[in-house]
Every structure is written in C-alpha cells, then in structure tokens.
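Asker: I am attaching a structure below and will ask some questions about it afterwards.
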Ligand code: PMP
Ligand code: GLN
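Residue numbers (the working numbering): 9 to 395.
Right, here's the structure in full:
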C-alpha cells in the first residue's frame with residue numbers, strides 16, 4: 009500500500025488542523041482534568057424532552073422529515089421569535105431546520121459567497137466561519153476586537169468594505185468573549201448592511217443566555233436587517249442537548265429559497281424524533297427558554313465568587329456560558345502553552361483565546377465554560393486559586 013497516497017491530495021484547507029475544542033477535550037480526558045474547555049453542559053436535557061423523544065422513536069417517527077423541517081417545529085420556532093423579538097416570521101417560508109447551527113452557518117455561507125467575495129468577521133471569531141468561507145472561494149476579512157471590552161468600531165467596519173464585500177458575520181452573545189451587541193451596535197450594523205447592500209449572517213446560538221436584565225438584540229427585531237439576514241440558532245445551547253445537533257436558520261423568502269437548495273444536498277433533513285420532541289417542548293413547556301438566563305447567571309456568579317481570591321483577572325461576562333480570565337499575574341507564557349500546563353499540571357482544561365485570532369494575537373486570556381454543576385465549578389476554582 010502506498011502510505012503517501014493522501015499526500016497527493018491538494019488540500020482545500022491547508023491551514024486547518026484539529027479544532028481546539030477536540031484538542032482540549034482530548035487532553036482533559038487524557039489527564040483526567042476538570043473539563044471547562046469545550047462548551048457543553050454537564051447536566052442533562054430536560055426529562056420532558058427525553059420522554060418525548062423516547063415516545064416518538066417508539067411510535068415510529070423514524071423516517072425523513074421534510075427537508076425544511078417538521079411543520080410543527082417550524083411553527084414553534086416562528087411563534088417563539090415572533091413573541092420574543094416582535095418579528096413577523098412566516099414558519100413555512102422563512103424557517104429552515106438544520107443539523108445544528110454549524111450546518112446552518114455552512115449553508116448560509118455557501119448560499120452567499122462566490123469566488124473572490126469578501127466576508128467581514130470579527131476576531132476572536134468562532135472557528136467554523138473561515139473554513140466555510142474559504143471552501144466557497146471567498147476571503148474572510150478579519151477585524152480584531154480588543155480586550156477587555158471587545159467592542160466593534162463601526163468606522164473600522166466601513167473602512168474594511170470594498171467592492172468585493174458580500175457579507176458581515178456577527179455573533180451575539182459572543183463566543184468566546186461573552187460580550188453582547190447593544191441596540192446602538194445593531195443600528196450601526198443595520199445602516200451599513202443597508203447602505204452598502206451587504207448581507208448579514210447573525211449567529212445567535214446563545215440568544216437565550218443574556219445576563220443582568222440586559223436585552224438580546226436579535227437581528228430579527230429590526231425590519232431593515234431582517235430583509236438581508238440569515239439568523240441562526242441552536243437547540244443544543246437552549247435545551248442542553250449539544251449532541252443532538254439541531255438548529256435552524258431564519259431568512260426572508262428569497263434567501264431561504266437559495267439556502268434550501270444547498271441544505272437539501274448537505275443533509276437533506278435533520279433527526280426527526282428530536283424535531284418533534286423539541287417542538288413539543290417549545291409549545292408545551294416554554295418556561296425553560298425564559299428561565300435560561302437566570303439559570304446560567306447563577307452559574308456565572310458561582311464561578312466568579314469562587315475565583316475572587318485567585319490571581320486571575322476576570323473579564324466582564326454579559327452572556328453565553330463562557331467566562332474569560334486574564335492570567336498575566338500568574339505566567340508569561342502564551343495562552344496555548346498555559347492551557348496545556350493548566351490541564352496537565354493543575355487538572356483544569358480551558359480554551360486559549362489566541363486561536364480565535366487570525367493574527368495569533370495573545371492577550372494572556374483563557375476561556376472557561378461554566379455550563380457545569382456548581383460543585384464542578386467550585387472544585388475547578390479551588391485548583392485555580394492555588395496558582
Ligand atoms: N456558533 C457558535 C458561536 C457556537 O458557540 C456554536 C457551538 N458551540 C455553534 C455556532 C455551533 O452550534 P451547533 O452545535 O448547534 O452546531
Ligand atoms: N461551540 C463549542 C465551544 O465553543 C464547541 C463546539 C465544537 O466542539 N465544535 O466550545
């Protein structure tokens with residue numbers, strides 16, 4: 009056998025390796041560290057959903073769903089966003105159920121981006137955007153946000169627009185920084201998108217996790233933006249079921265039609281029993297969604313309080329289930345090295361921020377996931393307080 013055979017492939021993603029999430033979770037398992045790296049809840053999806061999915065599997069709902077999603081799930085999604093964001097989303101024409109937000113992001117990018125197109129992304133940027141842009145033949149234009157506030161400078165955005173600019177990707181609440189876009193941010197964004205006839209991909213997977221009574225300014229709240237936006241979310245975050253890979257994309261009819269042409273050849277449809285179970289949860293048990301911010305705010309506070317006596321400097325956290333820590337009082341090494349050391353020597357796995365920066369810029373900041381039981385957070389914090 010010619011073991012060099014794979015080298016004949018002219019890689020389409022020559023700069024891509026194993027994702028930081030796989031790497032750090034792998035290391036956490038190897039060293040039996042407390043895993044606060046990859047973002048996933050330690051607790052289970054609600055009993056109601058588990059009972060429903062068991063019921064639907066037993067009842068035989070085991071064949072393909074319609075490609076755009078089970079109608080009752082599309083309706084439940086439209087009802088939720090219409091109520092929460094005062095939008096006028098039509099379930100059949102605007103909502104497409106996808107296999108996680110990852111698929112929705114990939115398909116939205118393939119729908120929009122052609123060879124030579126530019127897409128503006130903000131660093132630190134979630135890791136799946138750039139490969140999808142590259143595979144479409146486009147180019148990601150990275151605008152670096154600065155710690156500790158990570159605010160967008162909208163004049164910089166205008167300065168980065170060229171005749172090739174096709175779209176802007178935003179993520180609010182933002183992974184990995186835990187910041188949120190304000191109403192004034194969205195107004196600026198809306199003006200730029202409209203004036204320059206761009207499109208928006210708005211990654212809102214943490215839409216129901218916003219703290220301190222603040223508001224999530226979904227692009228769906230803004231009529232001008234709704235006309236040119238793909239708004240993407242994930243049930244994995246909302247219902248503690250990241251392994252089910254169920255999400256959705258909301259877009260106007262003309263964009264949805266194009267989106268569905270690609271979606272049908274990427275996955276065609278998503279796991280039917282989960283769609284039915286989640287539709288029931290949304291319609292019969294919607295309190296979970298509205299209680300999620302308080303639930304995670306309590307977790308954030310447990311972690312913040314447990315780290316009070318540490319030498320880490322905590323950054324503000326307005327949403328998501330991630331908290332950033334600056335370790336410059338503890339070590340001078342780069343964040344990737346620091347995270348390896350922390351996992352191997354001190355039994356806590358975290359995510360280094362620099363991997364989300366195209367430039368590799370390192371502010372000595374790491375990300376901790378607090379979607380964990382309180383005792384896990386307290387045990388991890390005890391270890392971190394010893395440094
Ligand atoms: N976008 C962001 C910002 C995320 O954090 C994640 C997952 N953690 C995704 C997209 C992907 O979501 P899913 O697991 O539903 O594919
Ligand atoms: N989005 C999750 C995180 O930020 C990880 C998802 C994945 O492993 N691809 O940690």
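Ideal placement from N, C-alpha and C gives every residue a C-beta, glycine not left out.
Given the structure is predicted, the values throughout are model-derived calculations rather than measurements.
(1) Quick one: is residue 9 buried, meaning 16 or more other Cβ sit within 10 Å of its Cβ, or exposed?
(2) So within the stretch 248-325, which uninterrupted beta strand (DSSP E) runs reach at least 3 residues, ignoring any that extend past its ends?
(3) Could you give the uninterrupted runs of the beta strand (DSSP E) lying entirely in the stretch 174-248, keeping only those of 3 residues or more?
(4) Could you check where the beta strand (DSSP E) with residue 330 kicks off and where it finishes?
(5) Ligand 2: which residues have Cβ under 6 Å from any of its heavy atoms, chain order?
(6) Run the CB neighbour count on residue 409, radius 10 Å, all protein chains shown included, and call it buried at 16 or more, exposed below.
(7) Between the stretch 250-258 and the stretch 93-106, can you find at least three pairs of beta-carbon atoms closer than 8 Å?
(8) Does DSSP put residue 92 in a helix, in a strand, or in coil?
(9) Please work out which residues of its chain come closer than 7 Å, Cβ to Cβ, to residue 73, disregarding the five sequence neighbours upstream and downstream, and give them in chain order.
(10) Cβ-heavy atom distance between residue 101 and ligand 1 below 8 Å?
(11) What does the Cβ neighbour count give for residue 115, buried or exposed, with the cut at 16 atoms within 10 Å?
(12) From this set, 366, 346 and 70, which residue's C-alpha is nearest residue 32's C-alpha?
(13) Does the Cβ of residue 377 have 16 or more other Cβ atoms within 10 Å, making it buried, or fewer, making it exposed?
(14) Does the beta carbon of residue 358 come closer than 9 Å to any beta carbon on chain D?
(15) Return yes when the C-beta of residue 383 is under 8 Å from any heavy atom of ligand 1, and no when it is not.
Answerer: Result, derived from the coordinates:
(1) Confidence in residue 9 is poor, its pLDDT being 37 and thus under 50, which makes the residue's placement unreliable; the coordinate value appears in the next sentence. The residue is exposed, with fewer than 16 neighbouring Cβ atoms inside 10 Å.
(2) 255-258
(3) 207-211 and 237-242
(4) 330-334
(5) 27, 29, 46, 47 and 183
(6) No answer is possible for residue 409: the residues shown for the chain start at 9 and end at 395.
(7) yes
(8) helix
(9) 277, 278, 280 and 283
(10) no
(11) buried
(12) 346
(13) buried
(14) No chain D is present in this structure, which holds just one protein chain.
(15) no
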